[in-house]
Structure formats: structure tokens, C-alpha cells
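Undergrad: Numbering-wise, the working numbering puts 802 at position 167 of the sequence shown, and it's gapless, one number per residue. Glycine residues also receive a C-beta, built at the ideal position from the N, C-alpha and C atoms. A quick note: this is a predicted structure, and the numbers were derived from the prediction, not measured.
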Amino acid sequence: MPSKKILCLFDVDGTLTKPRNKIEPHFEEFIYKKIKPCCLIGIVGGSDMKKIAEQMNGYEVIKKFDYVFAENGLVYFKNGVEVARVSIQKHMGEQKLQKFINYCLGYLAKVYLPVKRGTFIEFRNGMLNISPIGRSCSQSERDDFERYDKVNHVRKDMIEALRKEFPDIGLTYSIGGQISFDVFPDGWDKTYCLQHLEGEGFEEIHFFGDKTDIGGNDHEIFHDSRTIGHKVVDPDDTKMQLIDLLAI
């Protein structure tokens, strides 16, 4: 068991769970019975708290994990208690925000895909989540879009169009998961959560994530000097790397 004060901080999709799936019971048991006794544990997800709870088997996750950072840490829980909450609408203002949303809706109306469903823009506390196919698609449609997007670069092309249309709006674009990308003010990526950990006395913060390449929503925190990054490909890989790290 490590003698240092260590925090293991996890992405959700692709790291603790398969994309948009619930955590597997055997892996959940491994985290709580094998990892938690060795170090403090935390989650940092781009999704809102409702979606994190769905994937982590309920809101009890905020008590089972020492730290839970929803929406990259804009909504922050410590030991089961909400500590902080920041909103994008107060930061940007309604006029600027609505101009951006209107452009996105117009752009998406001109995009042709094999299928389209509903909820193309999801307004979250600290970001906008934009999905060209629509978040109400089925799991099989989600899988099909991910494959389609890898070839046709639908999300990448839309982000490039937004950067061209709004060069000075102060927003960051981050592709995560299978069907969408996040939009948030500059600096509100997953590194935002690290400010909440300053002064907590950690000697090492190990971050585990799968979208660590440029443009992925784990990229910035993976490369941050305050963390030790671990790139994973799925929950099984996360488990194996934890076993090696903590000598379990």
C-alpha cells in the first residue's frame, strides 16, 4: 500500500465505464474494495451530475468517491457535499450565448447524416453539449455514428466552422464520447477541477482517461504538470494499470 497521499482521478466514459454504459458490477467492486483502501479516489466528467449518477449506479457515488467533479469541476462535491457551482450563462451573458446557439442550430440544419434524432444541443450548467445526430439516438445508432464520424469528420468540421465564425468569443471545443462535443469558456476544461485540489496535500494526483489526444476532452488534464497522466483504452485497461500502480 502506498505511503504517499495519492489521489486517483478518473474520467468516466471509456475509463470507468464503456461509453454511456453503467459501470460493470465487478469493476465497481474492484474500485471500492481494492482501490479506495489504498488512496483517495475522484471522478472528473464532462457530463452533468445526472448522467454521471446514471453511469455510476446512482447519486450515492458522491459519497462513495471522495471527490466528484461534474462538468469538468464547475459542479464540485467533496465527501458527499456540494462545494461549488458555476454557470456558463452568467459568464457569457444571454445575448452572446444565444447568438452562438442560433448559429449552431442553423449549421446542424444543413448537415445530412444517415440518421438524425433529437436533442442536438444540451444546455448544461457549465457548458453546451452539441450532438449532430442528437442525444436521443439509440446505442446502435450511437455506435454507427461514431464509425461514420471517424471517416467523415462531422464533429471536427463543425468545430472548425465555429472557430471561424466566432474567433474572439473565448470558447474551447472538446470532442468526447461517441456522438458529441463540448463547448465551454477557455480554461473550463478538465484542468478546472485541479484548483479545488490545491491545498489538499496530495503528493501525487494520477489521472486516468481515454480521450487524451489533441482535441479530446482528457487532453489538457492528462498533460497538466499537476497530474501524472495514464492513457487507457477501456475499463479493463484502467484496472490493469491501477494494479500495477498500487502494487495490488
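Per DSSP, what kind of secondary structure is C643 in: helix, strand or coil?
TA: strand
Undergrad: Look at the Cβ atom of E776, then the Cβ atom of R752, and state whether they are nearer than 8 Å.
TA: Yes, the pair counts as a contact, with Cβ atoms nearer than the cut-off.
Undergrad: Quick check: D646 and G844, are their CB atoms within less than 8 Å of each other?
TA: yes
Undergrad: Expressed to the nearest angstrom, what Euclidean distance is found between the alpha-carbon atoms of E757 and K671?
TA: 33 Å
Undergrad: At the 8 Å Cβ level, is D872 part of the contact set with chain B, yes or no?
TA: In the structure shown, chain B cannot be found, because there is only a single protein chain.
Undergrad: At 4 residues or longer, and completely inside the region 672-724: list those alpha helix (DSSP H) runs for me, N to C.
TA: 684-690 and 696-699
Undergrad: Please list the terminal residues of the continuous beta strand (DSSP E) segment that includes D817.
TA: It spans S815 to P820 - the beta strand (DSSP E) in which D817 sits, taken as one unbroken run.
Undergrad: Give the secondary structure of N737 by DSSP, where H, G and I count as helix, E and B as strand, and everything else as coil.
TA: Collapsing the DSSP output to three states places N737 in a helix.
Undergrad: Starting from N764 and walking both ways along the alpha helix (DSSP H), at which residues does that stretch end?
TA: From DSSP, N764 is part of no alpha helix (DSSP H) but of the beta strand (DSSP E) over L763 to I765.
Undergrad: Could you tell me the alpha carbon to alpha carbon distance between H858 and S809, rounded to whole angstroms?
TA: The alpha-carbon separation between H858 and S809 amounts to approximately 15 Å.
Undergrad: Which of helix, strand or coil does DSSP assign to E838?
TA: DSSP places E838 in coil when its eight states are reduced to three.
Undergrad: Could you give the DSSP three-state label for Y808: helix, strand or coil?
TA: Correct three-state label for Y808: strand.
Undergrad: Between which residues of its own chain and K874 is the CB-CB distance below 7 Å, once the five residues before and five after are set aside?
TA: F662 and F665
Undergrad: Among residues of its own chain, excluding the 5 on either side of H726, which ones have a beta-carbon nearer than 7 Å to its beta-carbon?
TA: So the list reads P820, once near-sequence residues are dropped.
Undergrad: Take E781 and list the residues in its own chain whose beta-carbon comes closer than 6 Å to its own, dropping the five residues that flank it on each side.
TA: Cβ within range, chain order: Q813.
Undergrad: So for T873, helix, strand or coil by DSSP?
TA: Of the three classes helix, strand and coil, the one that applies to T873 here is helix, per DSSP.
Undergrad: Go through its chain and collect everything with a Cβ distance to T847's Cβ below 6 Å, but skip five positions before and after it.
TA: D853, H854, F857 and K866
Undergrad: Take the Cβ of N764 as the centre, count every other Cβ of all protein chains shown within 10 Å, and call the residue buried at 16 or more, exposed below.
TA: buried
Undergrad: Starting from I794, trace the alpha helix (DSSP H) in both directions and tell me its first and last residue.
TA: From DSSP, the alpha helix (DSSP H) with I794 extends over V789 to E800.
Undergrad: Any idea if N737 is buried or exposed, counting beta-carbon neighbours within 10 angstroms, 16 or more meaning buried?
TA: exposed
Undergrad: Would you call the region 730-745 and the region 706-713 touching, i.e. three or more CB-CB distances under 8 Å?
TA: no
Undergrad: Taking only three categories from DSSP, how would you classify I849?
TA: coil
Undergrad: Return the first residue and the last residue of the beta strand (DSSP E) that F755 is part of.
TA: Careful: F755 lies outside any beta strand (DSSP E) and carries neither H nor E.
Undergrad: For G850, collect the residues of the same chain with a Cβ closer than 6 Å to its Cβ; drop the 5 residues on either side in sequence, then sort them by chain order.
TA: I810
Undergrad: Determine the direct distance from the alpha carbon of D778 to that of K785, and round the result to whole angstroms.
TA: 11 Å
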